[in-house]
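Chemist: Note that the UniProt record's numbering has the sequence shown beginning at 1, numbered continuously upward.
Each residue gets a CB set at the ideal place from its N, CA and C atoms; glycine is no exception.
Predicted model, so just to flag it, every value in this text is computed and none were measured.
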Amino acid sequence: MLSMTARRVTQPLGVFPFSNSMRVTILSLVFTLACAQWTCEWIKSSDIKLRMTGPRTSFTFTFGAGGTIAQGYDAERSDINIFGPGTSSAEDTDRVVQTVHWDLSLATTVNGESSRWNVNQAGAGNNSFSYIVSAETSAYNGVCQLKVFSVDNQQWDTRIDSIFGGSDSYYLEYTATSDGALTLRRIMLFGQATANGQKVSLPQPYIEQWHTFSNSIFSNAAVAFDAQGNPTWYYDMSNLPGYGNIPVDHTYGYVTAFTNGQATTAFTIVYGTHQLSDCSWNNSSYLCQSGGYVLNSNPYPYEHLLALLPGLNLGGPLRAGDLLDQTFVYRFDKGVQASDVEIYQQSASNVPGPRLFRDYQNGRGGGGLDSIVDQLKSNMCGRGVRTKHLNRLRGYQTISCIH
1 MLSMTARRVT QPLGVFPFSN SMRVTILSLV FTLACAQWTC EWIKSSDIKL RMTGPRTSFT
61 FTFGAGGTIA QGYDAERSDI NIFGPGTSSA EDTDRVVQTV HWDLSLATTV NGESSRWNVN
121 QAGAGNNSFS YIVSAETSAY NGVCQLKVFS VDNQQWDTRI DSIFGGSDSY YLEYTATSDG
181 ALTLRRIMLF GQATANGQKV SLPQPYIEQW HTFSNSIFSN AAVAFDAQGN PTWYYDMSNL
241 PGYGNIPVDH TYGYVTAFTN GQATTAFTIV YGTHQLSDCS WNNSSYLCQS GGYVLNSNPY
301 PYEHLLALLP GLNLGGPLRA GDLLDQTFVY RFDKGVQASD VEIYQQSASN VPGPRLFRDY
361 QNGRGGGGLD SIVDQLKSNM CGRGVRTKHL NRLRGYQTIS CIH
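#1: Can you give the Cα-Cα distance for S216 and H304, rounded to whole angstroms?
#2: Does the separation of the CB atoms of G142 and S178 fall below 8 Å?
#3: How would you call R394, buried or exposed, if buried means at least 16 neighbouring beta carbons within 10 angstroms?
#4: Closest to F129 by CA distance: which of S167, T387, N153, C40 is it?
#5: Would you kindly work out how many angstroms separate the C-alpha atoms of D340 and T109, rounded to a whole number?
#6: Which residues bound the alpha helix (DSSP H) around D278?
#7: Would you list the one or two residues that DSSP bridges to A195?
#8: Going by DSSP in three states, Y243 sits in which element: helix, strand or coil?
#9: Extract the residue ranges of the alpha helix (DSSP H) inside the segment 302–369, only unbroken runs of 4 or more that lie entirely within it.
#10: Mapping the DSSP letters down to three states, classify G67 as helix, strand or coil.
#11: Please work out which residues of its chain come closer than 6 Å, Cβ to Cβ, to V119, disregarding the five sequence neighbours upstream and downstream, and give them in chain order.
#12: With 16 as the cutoff for other CB atoms within 10 Å, does G292 come out buried or exposed?
#13: Alpha carbon to alpha carbon, what distance is there between T212 and L390?
#14: Report the residue from G180, F332, I43, P352 whose alpha carbon sits nearest the alpha carbon of T259.
#15: Cα-Cα, which of Q228, V200, D236, L369 is closest to S214?
#16: Put D74 into one of helix, strand or coil per three-state DSSP.
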């Protein structure tokens, strides 16, 4: 067994140039290295659940408020949710796999506590859920897919709703494939932000893909393995960095929650090695700047959670009508084998880098974005259901919005 001290390998993978040709359908992320040994099926009750079964184990995921991954269970540890729970009073809107949107410079004080502008995909901290507009599943030729449209228009800290305002309109596309990958493509349209009743742009926006992992299942987090599947750059709860802001192109493009020395549950987030492309329209084409995509993490020992947090420092001003398109690949199994490491690395080089389109207009983005963006715009002031049960969409309400 290797030492528990964090060690960094000396030669990270190279930086790969961004290309629009890489932003293809989810099925392009199915790699020849992986054998077609996984099956998927939808389990429906009041919730939408996905079961993925491989040669060594199976995992079941429940999709919840806002189209988040609310729960995950390994068949061998079916008594413990992979993603928590911790001790938060807002388990359904916090301890889930979701997008968290802050502005780091807009803050106010409530009862002596500082509270930032913050809109979360799942909803608010009092378990007031975001709106589900639609949720549709399909299964064909061994591929299972879930498409969700959702909107959140409330501050995480509802005490500051009278001071700050804002909304995000989401499209979530989850695709489970026979190579054992669960791919998430997330497209966000940013709505109008306000401060003290006035329309504002966000001067210092930060967006994070939030993953909390139960320390009862996972003792470590690794960002590199050797060719045999042994961790070479890894941490435990005692030395996991708190917001190290490591540029993704200085990493191998993935991070794995696991238990060192044991062939037990391992869960890998493949976020890729390609930097954020921040794109503004210039007459006939987009001009894009690169940078701002980082890997963060944070230990929560009092809640027995490891947080692994790919984050985007978008740079201000972020305005209503800006659009973010981002992809993650999730892989999970019993332990990490040599073949898994090769798959992680190839996945990381193939996952397209996130793209931010400033003031997105139809016909400019490609990749089938226009029809999705039209729906995102309509949903912002449309109708939805505040619920965590995606298979029980009843009681639609009008979504209040700021024009």
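Modeler: From the atom records:
#1: Distance between the alpha carbons of S216 and H304: 7 Å.
#2: Judged by their CB atoms, G142 and S178 are nearer to each other than the 8 Å cut-off.
#3: With fewer than 16 other Cβ atoms from the protein chains shown falling within 10 Å of its own Cβ, R394 counts as exposed.
#4: Ranking the options by Cα distance to F129, first place goes to T387.
#5: Rounded to whole angstroms, the gap between the alpha carbons of D340 and T109 is 47 Å.
#6: Taken as a continuous stretch (DSSP letters only), D278 belongs to no alpha helix (DSSP H), being part of the beta strand (DSSP E) at 277–282.
#7: Beta-bridge pairing links A195 to F164, Q198.
#8: Residue state, collapsed to three classes: coil.
#9: The segment 302–369 is shown to contain whole alpha helix (DSSP H) runs of 4 or more residues at 338–350, in chain order.
#10: Three-state DSSP puts G67 in a helix.
#11: Within the same chain, V119 has close Cβ partners H101, D152, G166, D168.
#12: Residue environment for G292: buried (at least 16 other C-beta atoms within 10 angstroms of its C-beta).
#13: Taken atom to atom, the span from the alpha-carbon of L390 to that of T212 is near 22 Å.
#14: Checking every option, the nearest Cα to that of T259 belongs to F332.
#15: For the options Q228, V200, D236, L369, the alpha carbon positioned closest to that of S214 is the one of D236.
#16: Three-state DSSP puts D74 in a strand.
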